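J.: This structure is in structure tokens; I'll ask about it shortly.
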């Protein structure tokens, strides 16, 4: 299928190699890669684009496996024009393309505690879609609203995102434009110190210098209706992976990281198929050994 592309003020790139911009550095190209100039540019493009053409919004590729066959249709990546951070009292409004760590730092400077975002890889749009969290705090705790665009180019404001553990009920066709949070007040120096401790802890326990996409599988623990995971639950994904003997397991260039076994890693030369096949083998071994079905936390898109 040849895509009839409407005129834009942003940038349209055919056959864009997505492996160059994902953290795992694997996968085929996007049929079309669109970087809109602003909200109006994106809206006009979607309104004019045939409804037969699939559209996938992509963040910074930090929690994503793009399969080797690439992605059909249009991949939309928000950049400049979608990364502003505005703070009013305890309210922080961040563009979807703003990095989680950047939002945490700016909020801390203004005396607003969104410190849990500091060590979460990726951008705000993805953080909301997956109810990202760590150290006992989640997007659901501080979320107030999200401005989204639907596939037809219309814009809506959502105040109830239907959060669950590592999930939300945002519409499947939603492209997050910006998010408003309300965080507790805190002393800026104390918040900065808290984030420094979190970064140190992360670097001591996670393979931050390796090619990973963050946690591979969700923890097989419960969650409440507010989307808060039971962090006291002893059952963690890394533990059941270890119990199945899969720490350090390898398939081609893919390996379950020795430092943290819930980190699927491109150890060099891995294909997307290597990574996904190893992940599926881990799921099988865990089920065989414990009866637990691990659920993917990493999103996988495209054609094999």
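Residue numbers (this note's numbering): 298 to 601.
In this text, a Cβ means the ideal position worked out from N, Cα and C, and glycines have one as well.
What you are looking at is a predicted structure, and each value in this text was computed from that prediction instead of being measured.
Tell me, to the nearest whole angstrom, how far the beta carbon of residue 370 is from that of residue 328; I am working on the premise that it is less than 8 Å.
T.: Yes, they are in contact, since the Cβ atoms of residue 370 and residue 328 sit about 6 Å apart, within 8 Å.
J.: Buried or exposed for residue 487, going by 16 or more other Cβ atoms inside 10 Å?
T.: Exposed is the call here.
J.: If you reduce the DSSP assignment to three classes, tell me which class residue 383 lands in.
T.: Strand, per DSSP.
J.: Looking at the secondary structure, which residues open and close the alpha helix (DSSP H) in which residue 608 lies?
T.: With the chain running from 298 to 601 in the structure shown, residue 608 is simply not present.
J.: Tell me whether residue 554 is buried or exposed, calling it buried when 16 or more other Cβ atoms sit within 10 Å of its Cβ.
T.: Classification of residue 554: buried, given that the 10 Å Cβ count is 16 or more.
J.: From residue 354 to residue 430, what does the alpha carbon distance come to, in whole angstroms?
T.: So the alpha carbons of these two residues sit roughly 21 Å apart.
J.: Suppose the cutoff is 6 Å on Cβ atoms and the five residues either side in sequence are ignored; what does the same chain contact list for residue 381 look like?
T.: Only 392 meet the Cβ criterion.
J.: Counting along the chain, where does the beta strand (DSSP E) carrying residue 341 start and finish?
T.: Where residue 341 is concerned, there is no enclosing beta strand (DSSP E), although the alpha helix (DSSP H) it sits in stretches over 336-345.
J.: Looking at residue 532 and the ligand ADP, is the gap between the Cβ and the nearest heavy atom below 7 Å?
T.: Absence of the ligand ADP is noted for the structure shown, with no ligands found whatsoever.
J.: Flag this pair as yes or no: are the beta carbons of residue 361 and residue 563 separated by less than 8 Å?
T.: For residue 361 and residue 563, no; Cβs fall outside 8 Å.
J.: Could you pull out every residue in the same chain whose Cβ sits closer than 7 Å to the Cβ of residue 453, ignoring the five residues on either side in sequence?
T.: Taken in chain order, the residues that qualify are 445 and 447.
J.: Let's test the definition: count the other Cβ atoms within 10 Å of the Cβ of residue 490 and tell me whether it reaches 16, buried, or not, exposed.
T.: By the neighbour-count rule (16 or more Cβ atoms within 10 Å), residue 490 is not buried but exposed.
J.: Given residue 325, which residues of its chain have a CB within under 6 Å of its CB, disregarding the five upstream and five downstream residues?
T.: Answer for residue 325: 365, 366 and 367, listed in chain order.
J.: So is residue 438 buried or exposed if we call it buried at 16+ other beta carbons inside 10 Å?
T.: Buried, by the Cβ-count rule.
J.: Check whether the Cβ atoms of residue 352 and residue 387 lie closer than 8 Å to each other.
T.: Cβ atoms of residue 352 and residue 387: not closer than 8 Å.
J.: Measuring alpha carbon to alpha carbon, tell me which residue in 479, 558 and 516 is nearest residue 383.
T.: Among 479, 558 and 516, the Cα nearest to that of residue 383 belongs to 479.
J.: At what residue ranges does the stretch 472-525 contain a whole run of the alpha helix (DSSP H), taking only runs of 4 or more?
T.: Within the stretch 472-525, the complete alpha helix (DSSP H) runs of at least 4 residues are 485-502.
J.: Which residues mark the beginning and the end of the alpha helix (DSSP H) in which residue 448 is found?
T.: Premise fails: residue 448 is in no alpha helix (DSSP H) and is neither H nor E.
J.: For residue 543, which of 549, 550 and 559 has the nearest alpha-carbon?
T.: Comparing Cα-Cα distances from residue 543 to each of 549, 550 and 559, the minimum goes to 559.
J.: Please say whether residue 343 and residue 449 have beta carbons closer to each other than 8 Å?
T.: Yes, the Cβ-Cβ distance between residue 449 and residue 343 is below 8 Å.
J.: Quick one: grab the DSSP three-state call for residue 578.
T.: Helix.
J.: Please report how far the alpha carbon of residue 400 lies from the alpha carbon of residue 338, in whole angstroms.
T.: Answer to the nearest angstrom: the Cα atoms are 25 Å apart.
J.: Counting only the same chain and skipping the five closest in sequence on each side, list residues whose C-beta sits under 7 Å from that of residue 458.
T.: Closer than 7 Å at the Cβ level, and outside the excluded window around residue 458, lie 425, 440, 443, 465, 466 and 467.
J.: For a quick check, are the C-beta atoms of residue 394 and residue 359 less than 8 Å apart?
T.: No, the Cβ-Cβ distance between residue 394 and residue 359 is not below 8 Å.
J.: With a CB to CB cut of under 6 Å and the five nearest residues on each side skipped, what residues in its chain are close to residue 318?
T.: The residues are 358.
J.: Taking the straight line between their C-alpha atoms, what separation do you get for residue 502 and residue 495?
T.: Going from the Cα of residue 502 to the Cα of residue 495 covers about 11 Å.
J.: Would you say residue 541 and residue 586 are within 8 Å of each other, going by their C-beta atoms?
T.: Contact: yes.
J.: Figure out for me which residue from 592, 590 and 379 has the closest Cα to the Cα of residue 307.
T.: Closest by alpha carbon: 379.
J.: What are the boundary residues of the alpha helix (DSSP H) that includes residue 538?
T.: First-last of the alpha helix (DSSP H) with residue 538: 534-540.
J.: I need the DSSP call for residue 430, collapsed to helix, strand or coil.
T.: Reduced to three states, the DSSP call for residue 430 is strand.
J.: How would you write the range of the beta strand (DSSP E) that residue 391 sits in, first residue to last?
T.: Run containing residue 391: 388-392, per the beta strand (DSSP E) assignment.
J.: Between which two residues does the beta strand (DSSP E) harbouring residue 466 extend?
T.: It is not in any beta strand (DSSP E) - residue 466 carries neither H nor E in the DSSP assignment.
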